[in-house]
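Trainee:
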């Protein structure tokens, strides 16, 4: 797997003269690099595992500016490591749902066992396709034994930017340039025909199920809590922000558990009405809805603007990453 390690800016400033003496190009043994040692040897270092979207590579589009957004909240502590999945960029292999999950597991194993960063100092960041990969990773490490640990692995938090409910709903709701529907008419005129077409979808990426099961895992536990933030822009023409509304709903239903089911279940419309009463408007920029229990925190943050990928470099994402590390608000952040 091809990966980039992005140092926090202030840490780079402190060691710039030595860092620039490292050879250019790919590092065949990353452990020999000063950047790796700065991550491994710092007991206060924080790490973002970055999972990008479906198109392009590590260096495409708005991804490089978004790496700066990862460390903006703590410019001497937050490291970012991003990978190209198999079949992307310089990484070998052929992409598939299971293959990308294996890549994510390998990535997390490297971070925990090789770099020595405990899960409590790791945040999972995903955008678009990367949100499904990140959710699948977190779910697998909670519910199934892995090479990383025989016991469940719980990360500090997750930030999901422009997520989707699952591939079936994504294909049904896709519109060219945000206006011309492709399969949406079938959903209304011929649901059975749409269901038939969906049988040909090989890779499902059922994020709505993963987020619900992750949240259910923490019910009544005393050894950890979840912290999940969903971020979306209203002008996202690739994945409508209604997907984030749906994911938030599935997460809240899971968080309310048995008490919700006893009342007949929380409908999507019920939650939308609740949010209208409880969401916090942050000026003209964005609004936030929060659902918090003793088991954890689920946040939905919807920005007015940001498109599909430009939003990754915005302060809304920097703040979400910082919160996911659970640094108290009144603590000094460096």
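Numbering (the UniProt record's numbering), first residue to last: 1 to 334. No residue lacks a Cβ here, since even glycine has one placed at the ideal position from N, Cα and C.
(1) Can you give, in chain order, each stretch of the alpha helix (DSSP H) that sits fully within the UniProt domain "AB hydrolase-1" (48-195) and has at least 4 residues?
(2) Taking one C-beta from the stretch 290-297 and one from the stretch 248-256 each time, how about it: are there three or more such pairs within less than 8 angstroms?
(3) Can you look up residue 1 in the DSSP assignment and give me helix, strand or coil?
(4) Beta-carbon within less than 8 angstroms of residue 111's beta-carbon, same chain only, minus the 5 sequence neighbours each way: which residues are those?
(5) Quick one: using the 10 Å Cβ neighbour count with 16 as the cut-off for buried, is residue 13 buried or exposed?
(6) How long is the line joining the alpha carbons of residue 16 and residue 139, rounded to whole angstroms?
(7) Among 103, 85 and 248, which one has its Cα closest to the Cα of residue 350?
(8) I need the boundaries of the beta strand (DSSP E) containing residue 324, first residue and last residue.
(9) Quickly, what does DSSP pair residue 303 with across the bridge? List them, please.
(10) Run through DSSP, which three-state label would residue 226 get?
(11) Any idea if residue 284 is buried or exposed, counting beta-carbon neighbours within 10 angstroms, 16 or more meaning buried?
(12) Quick one: what's got a C-beta closer than 7 angstroms to residue 312's C-beta in the same chain, skipping five residues either side?
(13) Report all residues from its chain with a CB closer than 6 angstroms to the CB of residue 7; omit the five preceding and five following residues, and keep chain order.
(14) Please report the residue range of the alpha helix (DSSP H) in which residue 211 lies.
(15) Within 10 Å of its beta-carbon, does residue 143 have 16 or more other beta-carbons around it, so buried, or fewer, so exposed?
(16) Please name the residue in 159, 1, 37 and 306 whose C-alpha comes closest to that of residue 18.
(17) Looking at the structure shown, is residue 32 part of a helix, part of a strand, or coil, going by DSSP?
(18) Determine which residues share a DSSP beta bridge with residue 6 and list them.
(19) Are any of the Cβ atoms in chain C nearer than 9 angstroms to that of residue 238?
(20) In the DSSP assignment, what residue or residues form a beta bridge with residue 291?
(21) On the DSSP bridge list, what partners appear for residue 19?
(22) What whole-angstrom Cβ distance do residue 243 and residue 164 have, given they're in contact under 8 angstroms?
(23) With which residues is residue 252 paired in a DSSP beta bridge?
(24) What number of angstroms, rounded off, separates the C-alpha of residue 33 from the C-alpha of residue 277?
(25) Mapping DSSP to helix, strand and coil, what is residue 38?
(26) Could you give the residue range of the alpha helix (DSSP H) that holds residue 271?
Mentor: The short version:
(1) Those alpha helix (DSSP H) runs which fall completely within the UniProt domain "AB hydrolase-1" (48-195) and span 4+ residues are 63-71, 97-109, 129-143, 167-173 and 184-189.
(2) Contact between the stretch 290-297 and the stretch 248-256 is present, because at least three Cβ pairs lie under 8 angstroms.
(3) Here residue 1 refers to the residue found at position 1 when the chain shown is read from its first residue. Note: residue 1 maps to coil in three-state DSSP.
(4) What you label residue 111 is simply residue 111 of the chain shown in a count that begins at 1. These residues qualify, in order along the chain: 47, 49, 81, 117 and 122.
(5) Within the chain shown, numbered from 1, the residue matching residue 13 stands at position 13. Exposed, since its Cβ has fewer than 16 Cβ neighbours within 10 Å.
(6) Along the chain shown, one-based indexing puts residue 16 at 16. Along the chain shown, one-based indexing puts residue 139 at 139. Cα-Cα distance, rounded: 38 angstroms.
(7) Outside the displayed range of the chain (1 to 334) lies residue 350, so it cannot be described from this structure.
(8) As a first step, residue 324 must be located in the chain shown, where it is residue number 324. Per DSSP, residue 324 belongs to no beta strand (DSSP E); it is in the alpha helix (DSSP H), 315-324.
(9) Counting from 1 along the chain shown, the entry for residue 303 is found at position 303. BP columns for residue 303 point to 233 and 286.
(10) As a working note, residue 226 is residue 226 in the chain shown. Secondary structure at residue 226: strand, using DSSP grouped into helix, strand and coil.
(11) Taking the chain shown and counting its residues from 1, one reaches residue 284 at position 284. Counting Cβ neighbours within 10 Å, residue 284 comes out exposed, since fewer than 16 surround it.
(12) Here residue 312 is taken as the residue at index 312 of the chain shown, counted from 1. If we look at residue 312 and ignore the five residues flanking it on each side, its Cβ neighbours are 62, 66, 69, 127 and 161.
(13) In the chain shown, residue 7 corresponds to position 7, counting from 1. Excluding residues within five positions, the ones whose Cβ falls inside 6 angstroms are 35.
(14) Residue numbering aside, residue 211 sits at position 211 when the chain shown is read from its first letter. Per DSSP, residue 211 is one residue of the alpha helix (DSSP H) stretching across 207-217.
(15) As a first step, residue 143 is located in the chain shown; it is residue number 143 there, counting from the start. Residue 143 counts as exposed, since fewer than 16 other C-beta atoms from the protein chains shown sit within 10 angstroms of its C-beta.
(16) To locate residue 18, count along the chain shown from 1; it is residue 18. Shortest Cα-Cα distance from residue 18 to any of 159, 1, 37 and 306 involves 37.
(17) Here residue 32 refers to the residue found at position 32 of the chain shown. DSSP places residue 32 within a helical segment (H, G or I) once states are collapsed to three.
(18) One-based indexing of the chain shown puts residue 6 at position 6. Bridge partners of residue 6: 80.
(19) The structure shown contains no chain C, having only a single protein chain.
(20) The sequence position of residue 291 within the chain shown is 291, counting from 1. According to DSSP, residue 291 bridges with 298.
(21) Stepping through the chain shown from its first residue, residue 19 is reached at position 19. Answer is none; residue 19 lacks a bridge partner.
(22) Taking the chain shown and counting its residues from 1, the one referred to as residue 243 is at position 243. Taking the chain shown and counting its residues from 1, the one referred to as residue 164 is at position 164. Rounded, the Cβ-Cβ distance is 5 angstroms, consistent with contact.
(23) Along the chain shown, one-based indexing puts residue 252 at 252. Residue 252 is not bridged to any residue.
(24) As a first step, residue 33 is located in the chain shown; it is residue number 33 there, counting from the start. As a first step, residue 277 is located in the chain shown; it is residue number 277 there, counting from the start. Computed Cα separation, rounded: 52 angstroms.
(25) If you number the chain shown from 1, residue 38 lands on position 38. Judged by DSSP in its simplified three-state form, residue 38 adopts helix.
(26) Here residue 271 is taken as the residue at index 271 of the chain shown, counted from 1. Bounds of the alpha helix (DSSP H) holding residue 271 are 268-278.
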